[in-house]
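Quick note on the working numbering: the sequence shown kicks off at 113 and runs consecutively.
Have a look at the structure below, then the notes.
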Amino acid sequence: MRVALFITCLTDTHYPRAGIAVVKVLEHLGHEVVFPAGQTCCGQPMFNAGQRDHARSLARRMLDLFEPHDCVVTPSASCAAMVRDHFVELFDADAPDRERARRLSARTYEFVEFLQEVLHLDLAALAPRWEGAVAIHDSCHGRSIGVAGRARPLLEQIPGVRIAPLAREEECCGFGGAFAVRYPIVSGAMATDKAAAIAASGAATVACGDAGCAMNIEGACRRAGHDHRFQSAGEVIAEALGLLPRETTA
Numbered sequence: 113m114r115v116a117l118f119i120t121c122l123t124d125t126h127y128p129r130a131g132i133a134v135v136k137v138l139e140h141l142g143h144e145v146v147f148p149a150g151q152t153c154c155g156q157p158m159f160n161a162g163q164r165d166h167a168r169s170l171a172r173r174m175l176d177l178f179e180p181h182d183c184v185v186t187p188s189a190s191c192a193a194m195v196r197d198h199f200v201e202l203f204d205a206d207a208p209d210r211e212r213a214r215r216l217s218a219r220t221y222e223f224v225e226f227l228q229e230v231l232h233l234d235l236a237a238l239a240p241r242w243e244g245a246v247a248i249h250d251s252c253h254g255r256s257i258g259v260a261g262r263a264r265p266l267l268e269q270i271p272g273v274r275i276a277p278l279a280r281e282e283e284c285c286g287f288g289g290a291f292a293v294r295y296p297i298v299s300g301a302m303a304t305d306k307a308a309a310i311a312a313s314g315a316a317t318v319a320c321g322d323a324g325c326a327m328n329i330e331g332a333c334r335r336a337g338h339d340h341r342f343q344s345a346g347e348v349i350a351e352a353l354g355l356l357p358r359e360t361t362a
C-alpha cells in the first residue's frame with residue numbers, strides 16, 4: 113500500500129520523531145510511505161478563527177497534494193479531525209472540490225486507528241518488547257473522531273508495558289489551539305491539573321494523541337519540576353520493535 117504521511121505543523125516543528133515513527137513502523141510492515149513535500153497547515157487555526165477563505169485555500173492545497181495517494185496517515189488526531197469533519201463544509205454543495213474533500217476525508221486516518229482499522233495489526237506477533245509504565249492522554253479531537261481509547265489495547269500487546277491509570281483522564285488539557293492563547297490563565301490551570309495527574313500516575317512516559325496536547329502538558333510538567341517523557345503511541349511501538357532507540361526522560 114502507498115501511504116502519504118501528513119506530518120502536521122506542530123509535529124513537524126516540535127515532535128518530528130512522531131512522524132519518523134510512523135514511517136519506520138509502516139515501512140517495517142511492508143508499506144511504501146511518501147512525504148508530499150509541499151504540505152503546509154491544514155487550516156484548522158484559520159477555520160476555528162472564522163477565517164474560512166484562508167482555511168479553504170489551505171484545504172484546497174491539501175486536496176491537490178494528497179489526492180494521488182491510497183491513504184493519508186497522521187500522528188495528530190486534531191488535524192485528522194479537521195480533514196474528516198470540516199473540509200467538506202468549506203466548499204459549496206455544487207463545487208467540484210467538495211467531492212474531492214469528501215474522498216480525502218474518507219481515506220484520512222490517525223496513525224493508531226490506521227494500524228487497527230486498515231492494517232488489522234497483530235502487534236504481539238511481531239515480538240515487541242518495552243519496559244515501563246505509560247500514561248495515555250487522548251485528545252478531545254481524538255474523541256470527536258472516535259479514536260480515543262485505541263492506543264491502550266495496542267500498547268497492551270507489548271510485553272513489559274504497564275498502562276498507568278490517569279485520574280480525570282477524559283478532561284481537556286487546556287490547549288485547544290487558540291484557546292490557550294485567548295484564555296491563558298484557564299488553559300494554564302487545566303494543564304497544571306493534568307500535570308499533577310500524570311505525576312500521581314507514576315508513569316515516566318506519556319503517550320499523547322496530539323502534539324498540541326503534548327506541548328501544553330509537557331510545559332506544565334516542566335514548570336512543576338516533573339520529569340516525564342512525552343511522545344506518541346507510535347514512538348512507543350517503534351521503540352518496542354527496535355526501529356527507534358529508547359529515549360530517556362526529559
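Cβ coordinates follow ideal geometry from the N, Cα and C atoms, glycine included.
Pick from the options: whose alpha carbon is nearest that of residue i?
{"i": "residue 115", "options": "126, 123 and 138", "result": "138"}
{"i": "residue 318", "options": "222, 226, 250 and 229", "result": "250"}
{"i": "residue 332", "options": "298, 321 and 344", "result": "298"}
{"i": "residue 266", "options": "233, 143 and 283", "result": "233"}
{"i": "residue 164", "options": "201, 300 and 129", "result": "201"}
{"i": "residue 180", "options": "263, 162, 161 and 219", "result": "219"}
Beta-carbon within less than 6 Å of residue i's beta-carbon, same chain only, minus the 5 sequence neighbours each way: which residues are those?
{"i": "residue 270", "result": "240, 242 and 352"}
{"i": "residue 330", "result": "342"}
By DSSP, does residue i sit in helix, in strand, or in coil?
{"i": "residue 134", "result": "helix"}
{"i": "residue 325", "result": "helix"}
{"i": "residue 346", "result": "helix"}
{"i": "residue 300", "result": "helix"}
{"i": "residue 241", "result": "coil"}
{"i": "residue 198", "result": "helix"}
To the nearest angstrom, how far is the alpha carbon of residue i from that of residue j?
{"i": "residue 195", "j": "residue 176", "result": "13 Å"}
{"i": "residue 134", "j": "residue 147", "result": "11 Å"}
{"i": "residue 118", "j": "residue 344", "result": "15 Å"}
{"i": "residue 73", "j": "residue 287", "result": "Lying outside 113 to 362, the shown extent of the chain, residue 73 is not represented and no answer is given."}
{"i": "residue 206", "j": "residue 154", "result": "22 Å"}
{"i": "residue 127", "j": "residue 245", "result": "21 Å"}
{"i": "residue 170", "j": "residue 309", "result": "37 Å"}
{"i": "residue 305", "j": "residue 273", "result": "25 Å"}
{"i": "residue 123", "j": "residue 185", "result": "13 Å"}
Excluding sequence positions up to five away, which residues of its chain have a Cβ less than 8 Å from the Cβ of residue i?
{"i": "residue 157", "result": "289 and 290"}
Since residue i and residue j are thought to touch, with beta carbons under 8 Å apart, how far apart are those beta carbons, to the nearest angstrom?
{"i": "residue 336", "j": "residue 307", "result": "5 Å"}
{"i": "residue 199", "j": "residue 216", "result": "7 Å"}
{"i": "residue 113", "j": "residue 143", "result": "5 Å"}
{"i": "residue 321", "j": "residue 254", "result": "5 Å"}
Short of 7 Å in beta carbon distance, which residues of its chain neighbour residue i, apart from the five on each side in sequence? Order them along the chain.
{"i": "residue 209", "result": "172, 175 and 203"}
{"i": "residue 347", "result": "129, 130, 133 and 356"}
{"i": "residue 150", "result": "177"}
{"i": "residue 292", "result": "286, 299 and 328"}
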